[in-house]
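K.L.:
13 is the number of the first residue of the sequence shown in our numbering; add one for each residue after it.
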Amino acid sequence: MLFGLTNALVIFEYMMNNIFQEYLDQFDVIYLDDILIFSSNMEGHPSEVRLVLPKLCDHGLYAKREKCDFGCTLMEFLDYVLSPARIRMDAWKLHKSGSSQHG
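Below, the structure written as structure tokens:
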């Protein structure tokens, strides 16, 4: 593998963090090529999505519709299950990691 390609994900994440810097941790979280847009209420969610998606287009990037979920109240993200009430680890991942340690 060429050296330049080994750092592609790091460079991409750096670029995404720069693009969305003004929104990060307000209503947007970026991890590698995953973008999570969160809202304190469903009424504000569409306007926040309308801020994020055009920024992608402005930089020649696009979201695949089939990989997008909008208006969800339950979301799996980085081995966690996020809901308005709480954040918890994905039970399937806990079971899987527990069984590999004892088997």
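Idealized CB from N, CA, C, for every residue including glycine.
Measure the C-alpha to C-alpha separation of residue 98 and residue 50 and round it to an integer number of angstroms.
P.N.:
Answer to the nearest angstrom: the Cα atoms are 13 Å apart.
K.L.:
Where does residue 24 fall in DSSP's three states?
P.N.:
In this structure, residue 24 counts as helix in the three-state DSSP scheme.
K.L.:
Classify residue 81: buried if its beta carbon has 16 or more other beta carbons within 10 angstroms, exposed otherwise.
P.N.:
So residue 81 counts as exposed.
K.L.:
Whole-angstrom Cβ separation of residue 57 and residue 31, contact assumed at under 8 Å?
P.N.:
That pair is no contact at about 20 Å.
K.L.:
Whose C-beta lies closer than 7 Å to the C-beta of residue 13 among residues of the same chain, with five residues either side of it excluded?
P.N.:
Bear in mind that the predicted position of residue 13 carries a pLDDT of just 47, short of 50, making it unreliable; the figure below should be weighed with that in mind. Same-chain partners within the cutoff: there are none.
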